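A.B. asks: Take this structure first; my questions come after.
Written out as structure tokens, the structure reads:
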């Protein structure tokens, strides 16, 4: 069941991404020649007005083909003929829709909660050296750790674990004001937790009461946290902390979603866990697609801004054929990488 849900989830995220491009293009008077869900051979298509709507066989991707997007066109409604800011809105609309979908999914999951865990210190473990220090106090809200914003209670352990020295630049919110604690030492100690010896930082954290405003606030914080996790993962990948072999493609993600759902105690818990993971995937797609790489929307936006600046300075446009070549080369590399990751995911399933 969860495998089917995962496939439908991917299809939905692709649909709303392309829908963002489609609706914004229509609203900004750009001619859309085809609106397709999935890739490959056509399974179904219907032409209405100037646009062909199609469903294709390979459940990966989709596209919104606009007039003049990849070729020269004198049509005044062609994509290149529109002002730079209109084109920027159209290119960014897909990622915006993915991010919005992720945020709304989090809102639905958080709605009705009586309280939300918060990075607010309510007490110290017995014998915790931090209690005797001149730094942290009961009632402090951890605001930043090493320059990174603490949005959620779960961020505390994540951000502390990224610094192996045990010395941090901490900022807390105390009585409504920000207080800096530079070079603050926080090292885990061995504590007895319900009869089990565990390494802990020795802090108890509290919660804030629920409500619609709090729900929206913590939903927004969670979405920002998801987006930051993507950036941190990319940093770890580029720095060598994470191997390419640890990355997952659609097959691996579907497998993970199925595992998360099947491990839940009840069907409701399984669906909620899958929905939460789906929200993360939606925001992940939004952020990844805005990277300034060829073939991605972020790459198109980058070249659009470069072309706009080049035109403003030289009064000439960069020929469309060069941009088309860059995106074509980028697409080949992207598809090759996706094929590698997919093969690796399939290999894992049988080994």
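In our numbering, the protein residues as written are 2 to 352. Here a beta-carbon is modelled for each residue, glycine too, at the ideal position from N, C-alpha and C. Quick caveat, the model's predicted, so the values are computed rather than measured.
Using the Cβ count rule (16 or more neighbours within 10 Å means buried), how would you classify residue 176?
C.D. replies: Reading the chain shown from its first residue, position 175 is the one you call residue 176. Exposed, because fewer than 16 other Cβ atoms sit within 10 Å of the Cβ of residue 176.
A.B. asks: Go ahead and label residue 99 buried or exposed: buried means 16 or more other beta carbons lie within 10 angstroms of its beta carbon, across all protein chains shown.
C.D. replies: Translated into the one-based positions of the chain shown, residue 99 becomes position 98. The residue is buried, with at least 16 neighbouring Cβ atoms inside 10 Å.
A.B. asks: Quick check on the burial criterion: 16 or more other C-beta atoms within 10 angstroms. Buried or exposed for residue 160?
C.D. replies: Residue 160 sits at position 159 when you count from the first residue of the chain shown. Per the 10 Å Cβ criterion, buried.
A.B. asks: Taking the continuous beta strand (DSSP E) assigned at residue 194, which residues delimit it?
C.D. replies: If you number the chain shown from 1, residue 194 lands on position 193. Segment 190–194, the beta strand (DSSP E) holding residue 194.
A.B. asks: My output table needs one value for residue 78: the three-state DSSP class, helix, strand or coil.
C.D. replies: As a working mapping, residue 78 is identified with position 77 in the chain shown. Coil.
A.B. asks: Contact between the region 121–128 and the region 48–65 is defined here as three or more beta-carbon pairs at a separation below 8 Å; is this criterion met?
C.D. replies: No, the region 121–128 is not in contact with the region 48–65.
A.B. asks: For residue 89 and residue 195, I'd like the C-alpha separation in whole angstroms.
C.D. replies: Position 88 of the chain shown, counted from the first residue, corresponds to residue 89. Position 194 of the chain shown, counted from the first residue, corresponds to residue 195. If I take the Cα positions, the gap works out to 56 Å.
A.B. asks: Please return the same chain residues whose Cβ sits closer than 7 Å to the Cβ of residue 46, not counting the five positions on each side in sequence.
C.D. replies: Locating residue 46 in the chain shown gives position 45, where the first residue counts as 1. These residues qualify, in order along the chain: 53, 54, 55.
A.B. asks: Determine the DSSP secondary structure at residue 131, reduced to helix, strand or coil.
C.D. replies: For the purposes of this step, residue 131 is taken as residue 130 along the chain shown, with counting starting at 1. Of the three classes helix, strand and coil, the one that applies to residue 131 here is helix, per DSSP.
A.B. asks: By DSSP's criteria, residue 37 is part of a beta bridge. Which residues make up the other side?
C.D. replies: Against the chain shown, residue 37 aligns to sequence position 36. DSSP lists 55, 64 as partners of residue 37.
A.B. asks: Whose C-beta lies closer than 8 Å to the C-beta of residue 66 among residues of the same chain, with five residues either side of it excluded?
C.D. replies: Locating residue 66 in the chain shown gives position 65, counting from the first residue. Around residue 66: 33, 34, 35, 36, 37.
A.B. asks: Which value, in whole angstroms, describes the spacing of the CA atoms of residue 273 and residue 215?
C.D. replies: Numbered from 1 along the chain shown, position 272 holds the residue referred to as residue 273. Numbered from 1 along the chain shown, position 214 holds the residue referred to as residue 215. C-alpha separation (whole angstroms): 20 Å.
A.B. asks: With respect to the alpha helix (DSSP H) encompassing residue 100, which residues constitute its N-terminal and C-terminal limits?
C.D. replies: Along the chain shown, read from residue 1 onward, the residue named residue 100 stands at position 99. Unbroken alpha helix (DSSP H) run through residue 100: 85–111.
A.B. asks: Decide if the region 225–237 is in contact with the region 271–289; the criterion is three or more beta carbon pairs, one per stretch, under 8 Å apart.
C.D. replies: Cβ pair count under 8 Å is three or more, so yes.
A.B. asks: Alpha carbons only, please: which of 73, 188, 202 is nearest the one belonging to residue 322?
C.D. replies: On the chain shown, position 321 is the one that residue 322 refers to. Per the Cα distances, 73.
A.B. asks: Between residue 25 and the rest of its own chain, which residues show a CB-CB distance below 7 Å, the 5 nearest in sequence each way excluded?
C.D. replies: For the purposes of this step, residue 25 is taken as the residue at position 24 of the chain shown. Excluding sequence neighbours, residue 25 sits near 90, 91, 94.
A.B. asks: I'd like the list of long-range same chain contacts for residue 104, defined as Cβ closer than 8 Å, with 5 residues on each side in sequence excluded.
C.D. replies: Numbered from its first residue, the chain shown carries residue 104 at position 103. Same-chain partners within the cutoff: 220, 221, 224, 280, 284.
A.B. asks: Are the CB atoms of residue 118 and residue 207 within a distance shorter than 9 Å?
C.D. replies: The count along the chain shown starts at 1 and reaches residue 207 at position 206. The count along the chain shown starts at 1 and reaches residue 118 at position 117. Going by C-beta atoms, residue 207 is nearer than 9 Å to residue 118.
A.B. asks: Could you please give the first and the last residue of the uninterrupted alpha helix (DSSP H) stretch that includes residue 222?
C.D. replies: As a working note, residue 222 is residue 221 in the chain shown. First-last of the alpha helix (DSSP H) with residue 222: 213–240.
A.B. asks: Within the present structure, is the beta-carbon of residue 108 separated from the nearest heavy atom of the ligand PLP by less than 8 Å?
C.D. replies: The ligand PLP is absent from the structure shown, which contains no ligand whatsoever.
A.B. asks: How long is the line joining the alpha carbons of residue 113 and residue 4, rounded to whole angstroms?
C.D. replies: In the chain shown, residue 113 corresponds to position 112, counting from 1. In the chain shown, residue 4 corresponds to position 3, counting from 1. Near 28 Å, if we compare the C-alpha coordinates of residue 4 and residue 113.
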